[in-house]
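Q: The following block contains the structure, expressed as structure tokens.
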Amino acid sequence: MAPTKLLLRGGRVVDPANRVDTTADLLIEGERIAAVGDRLSASGAEVVEADGQIVFPGFIDLHVHLRSPGREEKETVATGTRAAAKGGFTTICAMANTEPPADNRPVVEFLLAEARRSAVVNVLPIGAVTKGLAGESLADIGELKAAGVVALSDDGRSIMNAHLMRRALEYAKMFELPIISHAEDTTLSAGGVMHEGLVSLKQGVQGIPSTSEAVMAGRDLLLAEATGARLHLAHVSARETVDLIRAAKGRGVAVTAEVTPHHLALTDESLHDYAPNYKMNPPLRSEGDRAALRAALRDGVLDTIATDHAPHTQAEKDRDLEAAPFGVIGLETAVAVLLTVLVKPGLLSLTQLAAALSWQPARALGIPRGTLSPGAVADVTVVDPGRAWQATAETFESKSLNSPFIGWALHGGVTEVFLGGRRIVHTGEVVTP
Amino acid sequence: MSMSATPWTRKDLLGLEGLSAEELTLVLEQAKAFKEVSLRPIKKVPALRGRTVVLFFLEPSTRTRTSFELAAKRLSADILNIQAASTSLTKGETIMDTVRNIEAMKVDILVIRHSVSGVPLTVAKTAAASVINAGDGSHEHPTQGLVDLYTILEKKGQIAGLNVAIVGDISHSRVARSNLWGLTTLGARVTLCGPPTLVPPGIERLGVTVTYSLKEAMREADVVMLLRLQLERQQQHLLPSIREYAALFGVNREKLAWGKPDMIVMHPGPVNRGVELAPDVADGPQSVIYDQVTNGVAVRMAVLYLVSGGRPAKTPKPAPHPERPVTA
Chain A
1 MAPTKLLLRG
11 GRVVDPANRV
21 DTTADLLIEG
31 ERIAAVGDRL
41 SASGAEVVEA
51 DGQIVFPGFI
61 DLHVHLRSPG
71 REEKETVATG
81 TRAAAKGGFT
91 TICAMANTEP
101 PADNRPVVEF
111 LLAEARRSAV
121 VNVLPIGAVT
131 KGLAGESLAD
141 IGELKAAGVV
151 ALSDDGRSIM
161 NAHLMRRALE
171 YAKMFELPII
181 SHAEDTTLSA
191 GGVMHEGLVS
201 LKQGVQGIPS
211 TSEAVMAGRD
221 LLLAEATGAR
231 LHLAHVSARE
241 TVDLIRAAKG
251 RGVAVTAEVT
261 PHHLALTDES
271 LHDYAPNYKM
281 NPPLRSEGDR
291 AALRAALRDG
301 VLDTIATDHA
311 PHTQAEKDRD
321 LEAAPFGVIG
331 LETAVAVLLT
341 VLVKPGLLSL
351 TQLAAALSWQ
361 PARALGIPRG
371 TLSPGAVADV
381 TVVDPGRAWQ
391 ATAETFESKS
401 LNSPFIGWAL
411 HGGVTEVFLG
421 GRRIVHTGEV
431 VTP
Chain B
434 MSMSATPWTR
444 KDLLGLEGLS
454 AEELTLVLEQ
464 AKAFKEVSLR
474 PIKKVPALRG
484 RTVVLFFLEP
494 STRTRTSFEL
504 AAKRLSADIL
514 NIQAASTSLT
524 KGETIMDTVR
534 NIEAMKVDIL
544 VIRHSVSGVP
554 LTVAKTAAAS
564 VINAGDGSHE
574 HPTQGLVDLY
584 TILEKKGQIA
594 GLNVAIVGDI
604 SHSRVARSNL
614 WGLTTLGARV
624 TLCGPPTLVP
634 PGIERLGVTV
644 TYSLKEAMRE
654 ADVVMLLRLQ
664 LERQQQHLLP
674 SIREYAALFG
684 VNREKLAWGK
694 PDMIVMHPGP
704 VNRGVELAPD
714 VADGPQSVIY
724 DQVTNGVAVR
734 MAVLYLVSGG
744 RPAKTPKPAP
754 HPERPVTA
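Sequence lines, in order, name chains A and B.
FYI, the numbering used here numbers position 288 of the first sequence as 288, with every residue one higher than the one before it.
FYI, the numbering used here numbers position 40 of the second sequence as 473, with every residue one higher than the one before it.
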């Protein structure tokens, strides 16, 4: 049987890996991209009219908390990956801070089995750096690699012991696994709830200083430089951290870094009425920090955009600001927020956006995705930039509703998503297999 | 103090940040009217008869709670006292649940004290009842701020142009924040003084001066306000020792002489005697600490009265001793 053919006709194809941003047709044959070009033959193909829409490589999120195993009341592999698909993500990395944590082979295998059973998108597991995420001794990294992890991270916890971090970076080199650092000096941040600045001062809320991130990022950059290991800095939030990354990249340190849509879109002013849906770690920082993050994304100092999708139940979030847990969901609003806040006002090009959402995360992991090159796996996300919508509690596929963007008027909606040539989202809704 | 024509329109009193000079003046004038009541042999007026005031104190407090209770009683309100130990919060109920339950009983005014900043504001967003913040975390303590404004006004005759030094743990003080907003709005010059570990960096952007020298802070001061030092600050690496704090920032008789002879000494209480204030200063002639306590009742009467929708005292003449100061 000949492979299924699908022609996305007349869309604006944005493929940063090939420096493409042009109106073209895109032909998918079976699981792979067959061709990108003008007036491709539609013979034998299902035609999807993409006129006026943007055709991106499927988005890749290096930072998702799927909460499975252990916290399925917040999210499951099924709901989390449906949320991912709806947001245009075709590959997501699942963080290791589950209960129990992914510090051993059975937990990773459980996640992969769940993914085979119920996932709508690719799920790539991230293994723990240290046993029990306790920051005291190395996890069995070789075993984790054999089980299929693509990176290592104790995300949610910081590895405070510098010697252990050094050894982790060294040891991981043998398996070519990047270490994703949640950079936070917890002796500086302990007890803090929001960014330490004028807003926290006025509100009488204990602050989390920018230095708690920058001090640790600085340490990790120096350790990565000394060991020659691959470091990825998660959710960069502070201007000082950006400066340290820029300097380290200038010295040739093998570092990549990510930033979240919420840190790019919001500031600590959002916490003026103490709403827990603006509480996350690292916290929303000042206007100056946000400007530095935006500039760093444009000039490539920050490589990738990751959501740090962190679901929590309403019961957990419907508490006072101190008691509510850190974290917000982000998969379903990411591209719309970025189009609305950065692309529409001319602060980021579509090529820069596509690079940060697909090509750069694929490179950071060394996986053959994130591009629309002929022969590549046909992970494709189609976005209608003209679609205006509002995020409401009803729009989410995620099991949790802790989004800071509820009520926002957004511009740009995911319309179609293809995973390995198979349609997983149609007219904005997840296709139930 | 000039009479203001601005009516009180706020359902709640959550903080002094954002209150206009007219609104602050209105409360102070109303308090003045009620202070008169406190000096009568019969101290009760029917202004809040039939209204229910809930005193919801989730953090230990004697002074503020007593002051509110007395104020509500003198306004003839029905009073419900709920304190931390007696609530189902200890059984895992959230503050929001407890408030929803209290609200369902159709109360009129919720006076809330909570150890977490922002809780009264969060409650006020959904509550039909008026909410009065009786101190939330390190955020604000608006009625204490008003008490201090009232006391300064009473002693000095004006607020605009005065030099006020606030000394101590500014970082963790809700009293300092409320005073900062109230005093700057009414035109006082505020100097904050304490060790850099207890004065938040960047606070100058709120229109105040910072000094680490008590001598400097007191030099031109008309008012010096000492804040209570929480003794656990030492464990948080904010101070080497209470002894050193007292030596650098405590006011004793000797240091009192650094200030003007008519400088008044204030403290929101309770005083750590021998730490921020020497006993002979706390009880000395320049101290107005007990006036603050006395004024607390009148100020809280005014606040309860205004948020409940009462019209301000209708005294077109700035009468120091009006015949019938209270309209109700």
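Just so you know, even glycine gets a beta-carbon here, dropped at the ideal spot from N, CA and C.
All values reported here derive from a predicted model rather than from experimental measurement.
Between the alpha carbons of B/S435 and B/T458, how many angstroms are there, rounded?
A: By one-based count along the second sequence, residue 435 of chain B stands at place 2. By one-based count along the second sequence, residue 458 of chain B stands at place 25. Residue placement at B/S435 cannot be trusted, given a pLDDT of 45 that sits under 50; the coordinates are not used to answer.
Q: Take the Cβ of A/E332 as the centre, count every other Cβ of all protein chains shown within 10 Å, and call the residue buried at 16 or more, exposed below.
A: The residue given as residue 332 of chain A occupies position 332 in the first sequence. Classification of A/E332: buried, given that the 10 Å Cβ count is 16 or more.
Q: Which full runs of the alpha helix (DSSP H) of 4+ residues lie inside the stretch 281 to 337 of chain A, going along the chain?
A: Listed in chain order, the complete alpha helix (DSSP H) runs (minimum 4 residues) inside the stretch 281 to 337 of chain A are 287 to 298 and 314 to 317.
Q: Closer than 8 Å is the cut-off here; do at least three beta carbon pairs connect the stretch 301 to 314 of chain A with the stretch 57 to 77 of chain A?
A: Contact holds: three or more Cβ-Cβ distances are below 8 Å.
Q: When the cut-off is 9 Å and only beta carbons count, does B/H572 lie next to chain A?
A: By one-based count along the second sequence, residue 572 of chain B stands at place 139. Yes, contact with chain A.
Q: Would you check if the stretch 407 to 418 of chain A and the stretch 332 to 342 of chain A touch, i.e. whether three or more CB-CB distances between them fall below 8 Å?
A: Touching, per the Cβ criterion.
Q: List the whole-angstrom C-beta distance separating A/K317 from A/V193, where the pair is believed to meet the contact cut-off of C-beta under 8 Å.
A: As a position in the first sequence, residue 317 of chain A is number 317, starting the count at 1. As a position in the first sequence, residue 193 of chain A is number 193, starting the count at 1. So it is not a contact: roughly 14 Å between Cβ atoms.
Q: Residues of the stretch 305 to 332 of chain A with a CB closer than 7 Å to any CB of chain B: list them in chain order, please.
A: Listed in sequence order: D318, R319, D320, L321 and E322.
Q: Residues in the same chain with beta-carbon distance under 6 Å from A/V77, minus the five sequence neighbours each way, listed in chain order, please.
A: Here residue 77 of chain A refers to the residue found at position 77 of the first sequence. Closer than 6 Å at the Cβ level, and outside the excluded window around A/V77, lie L66, S68, E114, A115, S118 and A119.
Q: Which chain A residues sit within Cβ distance under 8 Å of B/I848?
A: Residue 848 of chain B falls outside the range modelled here, since chain B spans only 434 to 761, and no answer is possible.
Q: So what does A/E72 bridge to, in DSSP terms?
A: In the first sequence, the residue the question calls residue 72 of chain A occupies position 72. Paired residues: none, contrary to the question.
Q: Provide the residue(s) that pair with A/W389 in DSSP beta bridges, ordered along the chain.
A: Indexing the first sequence from 1 puts residue 389 of chain A at position 389. Answer is A/L410.
Q: Under 8 Å between beta-carbons, which chain A residues line up against B/S453? List them in chain order, please.
A: Against the second sequence, residue 453 of chain B aligns to sequence position 20. Residues of chain A passing the Cβ test: none, with the nearest at roughly 17 Å.
Q: Could you tell me the distance, in whole angstroms, from the CA atom of A/V55 to the CA atom of A/V380?
A: For the purposes of this step, residue 55 of chain A is taken as the residue at position 55 of the first sequence. For the purposes of this step, residue 380 of chain A is taken as the residue at position 380 of the first sequence. In a straight line, the C-alpha of A/V55 is about 7 Å away from that of A/V380.
Q: Counting pairs of Cβ atoms below 8 Å between the stretch 606 to 619 of chain B and the stretch 642 to 660 of chain B, do you hit three or more?
A: Touching, per the Cβ criterion.
Q: For B/P633, return the contacting residues in chain A, with the cut-off set at a CB-CB distance below 7 Å.
A: In the second sequence, the residue the question calls residue 633 of chain B occupies position 200. Residues of chain A passing the Cβ test: L201.
Q: Is it buried or exposed for B/N534, if we count other Cβ within 10 angstroms and need 16 for buried?
A: Counting from one through the second sequence, the residue named residue 534 of chain B turns up at place 101. Exposed, because fewer than 16 other Cβ atoms sit within 10 Å of the Cβ of B/N534.
Q: So, with DSSP's three-state summary, where would you put B/L513?
A: Taking the first residue of the second sequence as 1, we reach residue 513 of chain B at position 80. Strand at B/L513.
Q: Would you tell me roughly how many angstroms separate the C-alpha atoms of B/L446 and A/V383, rounded to the nearest one?
A: As a working mapping, residue 446 of chain B is identified with position 13 in the second sequence. As a working mapping, residue 383 of chain A is identified with position 383 in the first sequence. So the two alpha carbons sit approximately 47 Å from each other.
Q: Note down the Cα distance separating A/H426 from A/G52, rounded to an integer number of angstroms.
A: Taking the first residue of the first sequence as position 1, residue 426 of chain A is located at position 426. Taking the first residue of the first sequence as position 1, residue 52 of chain A is located at position 52. One C-alpha to the other measures close to 16 Å.
Q: Run down chain A in chain order and give the residues with a C-beta less than 7 Å from the C-beta of B/L491.
A: Position 58 of the second sequence, counted from the first residue, corresponds to residue 491 of chain B. Those within 7 Å of B/L491 in chain A number zero; the least Cβ separation is about 10 Å.
Q: Answer with yes or no whether the minimum CB distance from B/I636 to chain A is below 9 Å.
A: The sequence position of residue 636 of chain B within the second sequence is 203, counting from 1. Yes, because at least one Cβ of chain A sits closer than 9 Å to the Cβ of B/I636.
Q: When the cut-off is 9 Å and only beta carbons count, does B/G551 lie next to chain A?
A: By one-based count along the second sequence, residue 551 of chain B stands at place 118. With 9 Å as the cut-off, B/G551 counts as an interface residue toward chain A.
Q: Taking CB distances under 9 Å as the criterion, tell me whether A/G197 reaches chain B.
A: The count along the first sequence starts at 1 and reaches residue 197 of chain A at position 197. Closer than 9 Å: yes.
Q: Between which two residues does the beta strand (DSSP E) harbouring B/F682 extend?
A: Start at 1 with the first residue of the second sequence, and residue 682 of chain B comes out as number 249. No beta strand (DSSP E) contains B/F682, which is instead part of the alpha helix (DSSP H) from I675 to F682.
Q: Taking only beta-carbon positions, decide if B/L554 is within less than 9 Å of chain A.
A: Mapped onto the second sequence, residue 554 of chain B falls at position 121. So yes, B/L554 belongs to the interface.
Q: Hey, is B/R607's beta-carbon within less than 9 Å of any beta-carbon in chain A?
A: Against the second sequence, residue 607 of chain B aligns to sequence position 174. So yes, B/R607 belongs to the interface.
Q: In chain order, which continuous runs of the alpha helix (DSSP H) of length 4 or greater are located wholly inside the stretch 452 to 505 of chain B?
A: Those alpha helix (DSSP H) runs which fall completely within the stretch 452 to 505 of chain B and span 4+ residues are 454 to 471.
Q: A/H232 and A/A151: beta carbons closer than 9 Å?
A: Translated into positions along the first sequence, residue 232 of chain A becomes position 232. Translated into positions along the first sequence, residue 151 of chain A becomes position 151. Yes, the pair counts as a contact, with Cβ atoms nearer than the cut-off.
Q: Pair every Cβ in the stretch 156 to 173 of chain A with every Cβ in the stretch 205 to 224 of chain A, then say whether three or more of these pairs are closer than 8 Å.
A: As far as the Cβ criterion goes, the stretch 156 to 173 of chain A touches the stretch 205 to 224 of chain A, which means the pair count is three or higher.
Q: Using beta carbons (cut-off 9 Å, strictly below), is B/D569 in contact with chain A?
A: Within the second sequence, residue 569 of chain B is the residue found at index 136, counting from 1. Closer than 9 Å to some Cβ of chain A, the Cβ of B/D569 qualifies, so yes.
Q: With a threshold of 7 Å on Cβ separation, who are the neighbours of A/G420 within its own chain once the five nearest residues in sequence on each side are excluded?
A: Within the first sequence, the letter at position 420 stands for residue 420 of chain A. Closer than 7 Å at the Cβ level, and outside the excluded window around A/G420, lie E31, V377, A378 and D379.
Q: Give every residue of the same chain whose Cβ lies closer than 6 Å to the Cβ of B/P753, excluding the five residues on either side of it in the sequence, and list them in chain order.
A: By one-based count along the second sequence, residue 753 of chain B stands at place 320. Any reading at B/P753 must be qualified, since the residue scores a pLDDT of 42, below 50, and its modelled position is unreliable; no value is offered.
Q: Would you check if the stretch 82 to 95 of chain A and the stretch 120 to 130 of chain A touch, i.e. whether three or more CB-CB distances between them fall below 8 Å?
A: Contact between the stretch 120 to 130 of chain A and the stretch 82 to 95 of chain A is present, because at least three Cβ pairs lie under 8 Å.
Q: My guess is that B/V656 and B/V597 are in contact by the Cβ rule of under 8 Å, so how many angstroms apart are they, rounded?
A: Residue numbering aside, residue 656 of chain B sits at position 223 when the second sequence is read from its first letter. Residue numbering aside, residue 597 of chain B sits at position 164 when the second sequence is read from its first letter. About 4 Å; that satisfies the 8 Å criterion.
Q: Can you check whether the C-beta of B/E450 is within less than 9 Å of a C-beta belonging to chain A?
A: Within the second sequence, residue 450 of chain B is the residue found at index 17, counting from 1. Yes, B/E450 lies at the interface with chain A (some Cβ there is under 9 Å from its Cβ).
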